[in-house]
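In the numbering used here, the protein residues as written are 1122 to 1331. Glycine residues also receive a C-beta, built at the ideal position from the N, C-alpha and C atoms.
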């Protein structure tokens, strides 16, 4: 797939690394183009692009920015009608220990409303950047889970295919409304990692008997 990553921070960097490894055609853009260029240079096969019309050739767009910047970042890359957009954001407070919205909406739903022509899927928001960068295998047969929620089956399949190619277990989390559950789950993971001192080599999953 031709995949555009918006953002050159920790999550954007981890996505570029894993997407290139998975054999995708990867482009990256960022508010600071120099950071995108440095990231692309570190991963041969990726290319840095200016934001204007960056989405033109993309099959999938990954928004790896803070939630507050997500809509403007997506609007900056050109026409998104009919594009699959993977939203990995969480609506976090400045100290990362709480959520700014919830219960009757979610970050994903707000982004979807702002970009009604895009096919939005919530995914990867419960995965820490080091886990994404280092891979899904936790040893002992344990694989990190990626929860996928969308009203678009096409978007859900695309996100699932990307996650599985990286080695992740995929859990279908239903429609986009269930991002209202996934974002608090990410908040719990962040608390356990930072507030409770467990570090970032952790990830939530769901167990089920065979």
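| Asked | Found |
| --- | --- |
| Would you give the residue range spanned by the beta strand (DSSP E) that residue 1290 belongs to? | 1290 to 1293 |
| Under three-state DSSP, which class holds residue 1328? | coil |
| Just to confirm my understanding: we take residue 1140, look at its own chain, exclude 5 residues before and 5 after, and list those with CB closer than 6 Å. What are they? | 1124 and 1147 |
| On a CA-only basis, which of 1142, 1149, 1163 and 1249 is nearest residue 1178? Give me that one, please. | 1149 |
| Look at the alpha carbon of residue 1192 and the alpha carbon of residue 1145, and state the distance between them as a whole number of angstroms. | 25 Å |
| Below 8 Å on the Cβ atoms is my contact criterion, and I expect residue 1310 with residue 1247 to pass it. Report the Cβ-Cβ distance as a whole number of Å. | 6 Å |
| Tell me the start and end of each unbroken beta strand (DSSP E) in the region 1214 to 1256 that is at least 3 residues and wholly inside, in chain order. | 1240 to 1243 |
| Can you check whether the CB of residue 1133 is closer than 9 Å to the CB of residue 1088? | Past the boundaries of the shown model lies residue 1088; the chain is included only from 1122 to 1331, so the question cannot be answered. |
| Buried or exposed for residue 1208, going by 16 or more other Cβ atoms inside 10 Å? | buried |
| DSSP three-state label for residue 1211, please. | coil |
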